[in-house]
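**Student:** Before I ask anything, here is the structure I am working with.
Residue numbers (the working numbering), protein chains in the order written: chain A, 1 to 111; chain B, 1001 to 1115.
As structure tokens, then:
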């Protein structure tokens, strides 16, 4: 069965700084991987997804993630943080008939 | 309406009340989900319906009763809740099946407060 680990429940960056949110997964087969974002009192919104092909995936709002099979990782990055990026981010893996979510990482952006 | 909608967005109820949460998806999906999201806790999957059949019930107390009359609608009936049931309840849908088709689309949630 698959599982997801997000390192760091809370990440704080300054506006304009690099954003790096870490996600590691375990899966017995090539996985489908997702990043979702959740703003306060809202549902989860898909940021990006990896299915097959190119391992660097670009998503909305300037975010991207790279699938590294050897490291079983799917870290989320953004070169320059914006105040509007403050939210909770969830990594998820899909395998068989199931989707598993990580515990989430809360991103704070300081002015 | 597009995507996944949930009503009401906010609900306050006493422990003896009976209420229902409603979810509707306009995406032509075949699977629907209820999640509970409490402060500082991971997302908890409660129920899964595939083609109107309940396929997963993660040891949810019987005071929560799901209903899926068709593939577009999902309800969560609530009765005699406890204060610890206060949370954001999220509904999601997916196409159903394996892998990519489990990409889930979420509604905005219902913020439930139990007094």
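Using N, Cα and C, we set each Cβ at its ideal position, and we do this for glycine too.
Answer with yes or no whether the minimum CB distance from residue 103 of chain A to chain B is below 7 Å.
**Tutor:** Cβ-Cβ to chain B under 7 Å: yes for residue 103 of chain A.
**Student:** Using a Cβ cut-off of 8 Å, pull out every chain C residue sitting near residue 1042 of chain B, in sequence order please.
**Tutor:** In the structure shown, chain C cannot be found, because the protein chains are A and B.
**Student:** Taking all protein chains shown into account, do 16 or more other C-beta atoms lie within 10 angstroms of the C-beta of residue 1102 of chain B, making it buried, or fewer, making it exposed?
**Tutor:** Buried, since its Cβ has 16 or more Cβ neighbours within 10 Å.
**Student:** Measure the Cβ-Cβ separation of residue 62 of chain A and residue 78 of chain A and say whether it is below 7 Å.
**Tutor:** Yes; because the gap between Cβ atoms is below 7 Å, this pair is in contact.
**Student:** Do residue 4 of chain A and residue 93 of chain A have their C-beta atoms within less than 7 Å of each other?
**Tutor:** Cβ atoms of residue 4 of chain A and residue 93 of chain A: closer than 7 Å.
**Student:** Need the endpoints of the beta strand (DSSP E) that residue 7 of chain A sits in, please.
**Tutor:** Here the beta strand (DSSP E) through residue 7 of chain A covers 3-7.
**Student:** Decide if residue 111 of chain A is buried, meaning its Cβ has at least 16 other Cβ atoms within 10 Å, or exposed.
**Tutor:** It counts as exposed.
**Student:** Mind pulling the chain A residues with CB within less than 9 Å of residue 1108 of chain B?
**Tutor:** Going along chain A in sequence order, the residues near residue 1108 of chain B (Cβ under 9 Å) are 41, 42, 43.
**Student:** Restricting to Cα atoms, I'd like to know which of B:1042, B:1038, B:1034 is closest to residue 1048 of chain B.
**Tutor:** Taking only the C-alpha atoms, the option nearest residue 1048 of chain B is B:1034.
**Student:** Okay, do the region 1016-1024 of chain B and the region 31-41 of chain A touch, 3+ Cβ pairs below 8 Å being the bar?
**Tutor:** No, the region 1016-1024 of chain B does not touch the region 31-41 of chain A.
**Student:** With a cut-off of 7 Å, does the C-beta of residue 3 of chain A fall near any C-beta of chain B?
**Tutor:** Output row for residue 3 of chain A: interface = no.
**Student:** List the endpoints of the continuous beta strand (DSSP E) containing residue 1089 of chain B.
**Tutor:** Residues 1087-1094.
**Student:** Just the Cα atoms here: how many angstroms apart are residue 1080 of chain B and residue 1012 of chain B?
**Tutor:** Going by the C-alpha atoms only, they are around 13 Å apart.
**Student:** Please report the Cβ distance between residue 55 of chain A and residue 25 of chain A, rounded to the nearest whole angstrom; I am assuming they are in contact, meaning their Cβ atoms lie under 8 Å.
**Tutor:** The pair is not a contact, with the Cβ atoms about 14 Å apart (cut-off 8 Å).
**Student:** How about residue 44 of chain A and residue 59 of chain A: are their beta carbons less than 7 Å apart?
**Tutor:** Taking 7 Å as the Cβ cut-off, residue 44 of chain A and residue 59 of chain A do not qualify as a contacting pair.
**Student:** Taking the Cβ atom as the reference point for each residue, do residue 1006 of chain B and residue 1108 of chain B lie within a distance shorter than 7 Å?
**Tutor:** Cβ distance < 7 Å, so residue 1006 of chain B and residue 1108 of chain B count as in contact.
**Student:** Can you tell me where the beta strand (DSSP E) holding residue 1050 of chain B begins and where it ends?
**Tutor:** Looking at the DSSP string, the run of the beta strand (DSSP E) that includes residue 1050 of chain B is 1044-1050.
**Student:** Starting from the Cα of residue 1097 of chain B, find the closest Cα among B:1027, B:1009, B:1031 and give me that residue.
**Tutor:** Selected option, being the one with the closest Cα: B:1031.
**Student:** Apart from the five residues just before and just after residue 28 of chain A, which ones in its own chain have a Cβ nearer than 6 Å to its Cβ?
**Tutor:** Hits under 6 Å: none found.
**Student:** Just to confirm, is the Cβ distance from residue 1043 of chain B to residue 101 of chain A under 7 Å?
**Tutor:** The answer is yes: Cβ separation under 7 Å.
**Student:** Using a beta-carbon distance below 7 Å, is residue 94 of chain A in contact with chain B?
**Tutor:** Chain B contact via Cβ: present.
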